[in-house]
Amino acid sequence: MQKAILLVSGISASNCTTMRSLTHLERLEAESIHIFREVVAEAENPVMLYSVGKDSSVMLHLARKAFYPAPPPFPMLHVASGWDFADLLAHRDRTVREYGLKLIIAQNEDAEAQGINPFDTGSALYSQAQLTDPLKRALTAHGFDAAFGGGRRDEEKARAKERIFSFRNASHRWDPKNQRPELWNLYNAKKAKGESIRVFPISNWTELDIWQYIALEKIDIVPLYFSKPRPTVERDGMLLVVDDERFRLEEGEEPITRSVRFRTLGCYPLTGATESDATEMNDIIQEMLLATGSERQGRAIDKGQSASMEDKKAEGYF
Amino acid sequence: MNDHSSFRTDALIAEDIEAYLEAHQNKSLLRFITCGSVDDGKSTLIGRLLYDSKMIFEDQLAALESDSIKHGTQGEEIDFALLVDGLAAEREQGITIDVAYRFFTTEKRKFIVADTPGHEQYTRNMVTGASTADLAVILIDARKGVLQQTRRHSYLVHLLGIRHVVLAVNKMDLVGYDQATFEHIVADYRSFASEIGIAQFTAIPISGFKGDNITTAPSANTPWYAGPALIEHLETVEVDAAAAQGQPFRMPVQWVNRPNLDFRGFAGQIASGTIRPGDAVRIVPSGKTSTVKTIATFDGDLDEAVAGQSVTLTLADEVDCSRGDLIAAAGDPPQASDQFCATFVWMDEEALKPGRGYWLKLGTQMVTATVQPPKYEIDVNSLEHLAAKTLGLNAIGVAEFATDRPIAFEPYSANRQLGGFILIDKFTNATVAAGMIEFNLRRADNVHWQPVAITRDDHAGMKNQKPRVLWFTGLSGSGKSTIANEVEKQLFVMNRHTFLLDGDNVRHGLNRDLGFTEADRIENIRRVGEVAKLMADAGLIVLTAFISPFRAERDMVRAMLPEGEFIEIFVDTPLEVAEARDVKGLYRKARSGQLKNFTGIDSPYEPPENPEIRVNTVDMTPEEAARYIIDRILPLK
Numbered sequence: 128m129q130k131a132i133l134l135v136s137g138i139s140a141s142n143c144t145t146m147r148s149l150t151h152l153e154r155l156e157a158e159s160i161h162i163f164r165e166v167v168a169e170a171e172n173p174v175m176l177y178s179v180g181k182d183s184s185v186m187l188h189l190a191r192k193a194f195y196p197a198p199p200p201f202p203m204l205h206v207a208s209g210w211d212f213a214d215l216l217a218h219r220d221r222t223v224r225e226y227g228l229k230l231i232i233a234q235n236e237d238a239e240a241q242g243i244n245p246f247d248t249g250s251a252l253y254s255q256a257q258l259t260d261p262l263k264r265a266l267t268a269h270g271f272d273a274a275f276g277g278g279r280r281d282e283e284k285a286r287a288k289e290r291i292f293s294f295r296n297a298s299h300r301w302d303p304k305n306q307r308p309e310l311w312n313l314y315n316a317k318k319a320k321g322e323s324i325r326v327f328p329i330s331n332w333t334e335l336d337i338w339q340y341i342a343l344e345k346i347d348i349v350p351l352y353f354s355k356p357r358p359t360v361e362r363d364g365m366l367l368v369v370d371d372e373r374f375r376l377e378e379g380e381e382p383i384t385r386s387v388r389f390r391t392l393g394c395y396p397l398t399g400a401t402e403s404d405a406t407e408m409n410d411i412i413q414e415m416l417l418a419t420g421s422e423r424q425g426r427a428i429d430k431g432q433s434a435s436m437e438d439k440k441a442e443g444y445f
Numbered sequence: 018m019n020d021h022s023s024f025r026t027d028a029l030i031a032e033d034i035e036a037y038l039e040a041h042q043n044k045s046l047l048r049f050i051t052c053g054s055v056d057d058g059k060s061t062l063i064g065r066l067l068y069d070s071k072m073i074f075e076d077q078l079a080a081l082e083s084d085s086i087k088h089g090t091q092g093e094e095i096d097f098a099l100l101v102d103g104l105a106a107e108r109e110q111g112i113t114i115d116v117a118y119r120f121f122t123t124e125k126r127k128f129i130v131a132d133t134p135g136h137e138q139y140t141r142n143m144v145t146g147a148s149t150a151d152l153a154v155i156l157i158d159a160r161k162g163v164l165q166q167t168r169r170h171s172y173l174v175h176l177l178g179i180r181h182v183v184l185a186v187n188k189m190d191l192v193g194y195d196q197a198t199f200e201h202i203v204a205d206y207r208s209f210a211s212e213i214g215i216a217q218f219t220a221i222p223i224s225g226f227k228g229d230n231i232t233t234a235p236s237a238n239t240p241w242y243a244g245p246a247l248i249e250h251l252e253t254v255e256v257d258a259a260a261a262q263g264q265p266f267r268m269p270v271q272w273v274n275r276p277n278l279d280f281r282g283f284a285g286q287i288a289s290g291t292i293r294p295g296d297a298v299r300i301v302p303s304g305k306t307s308t309v310k311t312i313a314t315f316d317g318d319l320d321e322a323v324a325g326q327s328v329t330l331t332l333a334d335e336v337d338c339s340r341g342d343l344i345a346a347a348g349d350p351p352q353a354s355d356q357f358c359a360t361f362v363w364m365d366e367e368a369l370k371p372g373r374g375y376w377l378k379l380g381t382q383m384v385t386a387t388v389q390p391p392k393y394e395i396d397v398n399s400l401e402h403l404a405a406k407t408l409g410l411n412a413i414g415v416a417e418f419a420t421d422r423p424i425a426f427e428p429y430s431a432n433r434q435l436g437g438f439i440l441i442d443k444f445t446n447a448t449v450a451a452g453m454i455e456f457n458l459r460r461a462d463n464v465h466w467q468p469v470a471i472t473r474d475d476h477a478g479m480k481n482q483k484p485r486v487l488w489f490t491g492l493s494g495s496g497k498s499t500i501a502n503e504v505e506k507q508l509f510v511m512n513r514h515t516f517l518l519d520g521d522n523v524r525h526g527l528n529r530d531l532g533f534t535e536a537d538r539i540e541n542i543r544r545v546g547e548v549a550k551l552m553a554d555a556g557l558i559v560l561t562a563f564i565s566p567f568r569a570e571r572d573m574v575r576a577m578l579p580e581g582e583f584i585e586i587f588v589d590t591p592l593e594v595a596e597a598r599d600v601k602g603l604y605r606k607a608r609s610g611q612l613k614n615f616t617g618i619d620s621p622y623e624p625p626e627n628p629e630i631r632v633n634t635v636d637m638t639p640e641e642a643a644r645y646i647i648d649r650i651l652p653l654k
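Chains as they are written, first to last, in this note's numbering: chain D, 128 to 445; chain U, 18 to 654.
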């Protein structure tokens with residue numbers, strides 16, 4: 128980390144025997160880099176799931192650090208639902224171009240023919256058809272044996288027990304009873320043909336760590352995290368942004384311009400925005416620290432029973 | 018939210034976010050584990066810590082309130098335990114059955130809590146959680162005092178090298194906050210702790226449910242208590258990572274970074290010590306030396322890097338160095354050896370098989386290791402040493418380990434990263450054990466290999482051939498010995514120096530003490546493998562004809578030999594054909610039950626997955642099969 132390193136240089140120049148404790152962000156960074164390198168050293172064909180959100184942006188930054196001066200030695204896989212925010216896709220394409228990354232886009236091309244859309248389709252079927260299935264198909268088609276994901280243990284109760292290396296059988300299912308113990312910093316990446324590993328390098332980061340790191344490292348993130356006037360409608364207690372002309376307005380609904388931003392990004396017709404004046408990084412962190420709702424609150428997909436994430440995970444959702 | 022006990026200053030966040038962030042980005046990190054049984058209030062304590070640090074949001078709180086009514090055990094009150102009991106099935110049972118990691122932060126520190134279960138059968142999970150912890154909170158129910166499981170947890174905490182122990186005497190509200198009760202428990206614990214080697218601990222009377230002595234001390238209910246509150250103590254205890262900086266430099270090489278011809282960097286996480294450009298380093302185990310040219314990072318070259326950091330080093334010289342090697346301070350390298358003694362915890366349903374080859378991962382080194390029968394097993398409750406032939410799930414024991422090549426390590430007591438290892442089953446790929454190296458069994462350091470005057474290349478060169486081990490495997494009666502004999506005859510004619518090791522003959526001499534149990538079969542193959550290796554070192558082409566039914570043992574022998582010298586030949590005769598031949602009448606005896614553990618009948622045969630050579634004895638005569646094999650191993654120089 129730039130800031131801390133400058134600090135150390137200053138200390139070591141004047142007093143070579145000074146000891147120092149790494150800060151919590153330095154320790155998290157070192158751990159994540161270690162994990163990235165272990166996977167690249169031991170897996171045959173790794174890929175990084177790149178959702179373009181803040182966690183993915185941090186992961187990409189860590190991956191670039193882990194392999195510097197080489198570029199990350201694996202492609203990025205974006206599961207696009209077809210209902211992604213336009214700003215998000217633009218940010219994705221710009222990032223890929225700027226860092227010279229290889230991008231693979233997984234998408235359910237038949238959604239329209241199957242009549243699947245976020246307005247009429249139930250959330251379970253929608254996420255299965257638009258996210259889980261295209262992801263599984265892409266992993267199988269490219270023969271990826273390890274996939275980096277941005278899951279964090281602080282996100283949800285079922286994730287708190289997730290390993291950093293999570294084993295999936297040939298049909299990408301997760302078996303909570305059959306996971307390997309992880310001791311010290313030793314990860315067992317051995318697997319049989321057809322099996323794969325989901326690896327979560329930022330397991331031990333919290334939402335606050337992510338934001339602090341983004342601020343400290345000046346990581347470029349999707350502008351949707353910052354507040355600005357956007358056309359919105361209020362529906363089922365959520366503020367939805369009318370991101371393009373496909374948004375189906377119900378009778379009597381009229382888009383109203385509000386200053387809003389997002390804490391988490393999903394399909395735009397399913398992701399709730401929050402009214403906010405936070406236009407800068409520090410404002411965002413301030414809001415997050417004083418917030419009274421968790422980040423997943425804005426996601427229609429996670430609602431329902433509290434164990435629902437776990438069921439989705441068993442099916443292959445990240 | 019009850020603001021009086023919360024340890025976060027919302028005022029500062031609201032008024033001066035920059036000052037808050039400035040203070041918070043330089044916080045340190047403490048990892049700790051909580052140990053206690055289901056009823057000690059462990060989950061409640063963790064839920065309380067999360068709640069007080071405002072890690073619980075309103076939507077989670079709403080879910081908690083509805084869950085408390087559905088599953089709770091605290092009547093009308095909020096059941097904090099439900100915040101941390103994760104998986105649905107576990108929640109139904111009302112117990113925590115795995116390791117879960119929780120996060121909270123205070124003004125001074127960020128914390129990662131490993132929540133580990135107290136159930137008897139889950140030693141495995143506690144050991145896992147303890148392996149990354151700097152501190153352990155051992156919970157005791159004030160009504161019950163020091164129990165057998167308290168002893169077990171304390172022993173495991175000590176075994177895993179945790180230096181900071183907190184004795185949290187919980188549920189003080191249920192004993193009327195009685196000072197005498199607290200002191201009695203502390204005295205009890207002290208005598209036991211010193212017995213197992215825990216010299217120091219901090220005892221705190223708390224109530225996780227009511228919140229006493231969690232964030233501030235003394236609580237109004239314990240005016241007699243003069244020590245710190247739990248959080249205060251956790252915020253000030255020294256973190257281990259800083260201590261590792263004072264030790265000699267060591268970095269396991271994870272990955273060689275070679276983006277172009279001008280850059281060759283060795284990437285790794287520093288396990289101990291400090292490094293600067295210009296420092297002399299030694300590659301272990303090869304013993305080659307060089308100096309550090311740069312410490313290359315994304316943020317520019319560094320003047321110095323310390324234990325805990327992930328960096329990339331470039332060296333001044335072109336030395337051989339790859340994943341699994343260790344870069345160490347040139348003047349003070351670690352030990353390297355292929356034999357050591359370790360304490361280990363068995364974590365798999367299938368018990369240890371002494372003599373079988375397992376993968377051993379230590380740092381970034383992955384080697385094949387065999388375990389001797391344990392010297393003893395440790396009863397975690399009484400700490401007695403028990404005689405043991407093997408170790409089952411959750412058992413702890415001490416044994417000698419041998420690896421197929423020397424590895425670099427430190428005793429676990431000196432360095433957790435370089436003394437801790439895992440064992441991996443070669444078939445199921447499961448992590449089956451965690452070990453902690455006690456000491457090296459070789460007297461002299463093997464960092465500098467004493468070269469033998471006449472090398473194996475010299476031996477082979479004199480015979481004008483390249484050594485090989487032609488390993489014939491297949492069912493009894495498949496034709497292994499017949500074909501191996503034929504191959505040797507043809508090689509002899511070609512002026513090759515050969516030797517045939519045959520199953521029946523070896524069992525009459527070298528291995529006459531072995532029977533046909535699974536353990537004996539493993540040992541039989543291990544010995545034959547060692548003999549074959551010695552003969553190959555002497556330059557011979559060795560032929561072996563053994564059923565060798567298990568893949569693990571064949572792979573173990575393969576790993577003993579240089580790449581390309583082990584040729585696995587699968588004599589692929591179907592069971593019906595071999596049984597129909599029944600040259601020695603053994604199948605008949607096995608079918609009638611006179612012969613036990615007969616391969617193919619009541620003992621398994623694991624066919625090779627990728628043998629170098631496969632011969633079909635149904636379509637080929639022994640002479641044709643021999644010719645076919647020789648064609649595939651040529652040239653022999």
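Where is the CB? At the ideal position from N, CA and C, for every residue including glycine.
Can residue i and residue j be called in contact, C-beta distance under 9 angstroms?
i: D/H299; j: D/S330; result: no
i: U/Y393; j: U/V415; result: yes
i: U/P276; j: D/A197; result: yes
i: U/R543; j: U/V523; result: no
i: D/V179; j: D/H205; result: yes
i: U/G58; j: U/N238; result: no
In chain order, what residues of the same chain have a beta carbon less than 7 angstroms from the beta carbon of residue i, not counting five sequence neighbours either side?
i: U/T616; result: L492, S493, I564, P566, Y622
i: U/R267; result: A288, S289, G290, L343, A345, P351, L435
i: D/D370; result: F212, A213, Y395
i: U/L578; result: V486, K550, A553
i: U/S45; result: R126, V256
i: U/N633; result: D589
Is the shortest distance between the beta-carbon of residue i and the beta-carbons of chain D less than 9 angstroms?
i: U/H250; result: no
i: U/Q467; result: Because U/Q467 sits at a pLDDT of 46, beneath the cut-off of 50, its placement in the model cannot be relied upon, and the following sentence gives the value as read from the coordinates. No, because no Cβ of chain D sits closer than 9 angstroms to the Cβ of U/Q467.
i: U/N19; result: Bear in mind that the predicted position of U/N19 carries a pLDDT of just 37, short of 50, making it unreliable; the figure below should be weighed with that in mind. Closer than 9 angstroms: no.
i: U/A284; result: yes
i: U/A153; result: no
i: U/Q110; result: Per-residue confidence for U/Q110 stands at a pLDDT of 49, beneath the threshold of 50, marking its modelled position as unreliable; the derived number appears in the next sentence. For U/Q110, the answer is no, since every Cβ of chain D falls outside 9 angstroms of its Cβ.
i: U/K378; result: yes
What residues of chain U sit near residue i, judged by a beta carbon separation below 8 angstroms?
i: D/K345; result: What D/K345 touches in chain U: nothing, since even the nearest Cβ is about 11 angstroms away.
Could you confirm whether any beta carbon from chain U is found closer than 9 angstroms to the beta carbon of residue i?
i: D/P198; result: yes
i: D/Y352; result: no
i: D/L155; result: yes
i: D/D272; result: no
Quick one: list the residues of chain D neighbouring residue i, beta-carbon separation under 9 angstroms, in chain order.
i: U/K370; result: Residues of chain D passing the Cβ test: none, with the nearest at roughly 18 angstroms.
i: U/K44; result: T150, H151, L152
How would you list, in chain order, the residues of chain U whose beta-carbon sits under 9 angstroms from the beta-carbon of residue i?
i: D/T333; result: M72, F120, F121, T122, K127
i: D/K192; result: T314, F315, D316, S327
Which chain D residues sit within Cβ distance under 8 angstroms of residue i?
i: U/M364; result: P308
Looking only at its own chain, which residues have a Cβ that is under 8 angstroms from the Cβ of residue i, when we skip the five neighbours before and after it?
i: U/F456; result: F357, C358, P428
Going residue by residue through the region 474-559 of chain U, where are the continuous alpha helix (DSSP H) segments of at least 4 residues, counting only ones entirely within it? With a minimum length of 4 residues, the unbroken runs of alpha helix (DSSP H) contained wholly in the region 474-559 of chain U fall at 497-510, 520-525, 535-554.
Continuous alpha helix (DSSP H) assignments of at least 4 residues falling wholly in the region 241-269 of chain U: Listed in chain order, they are 247-253, 257-261.
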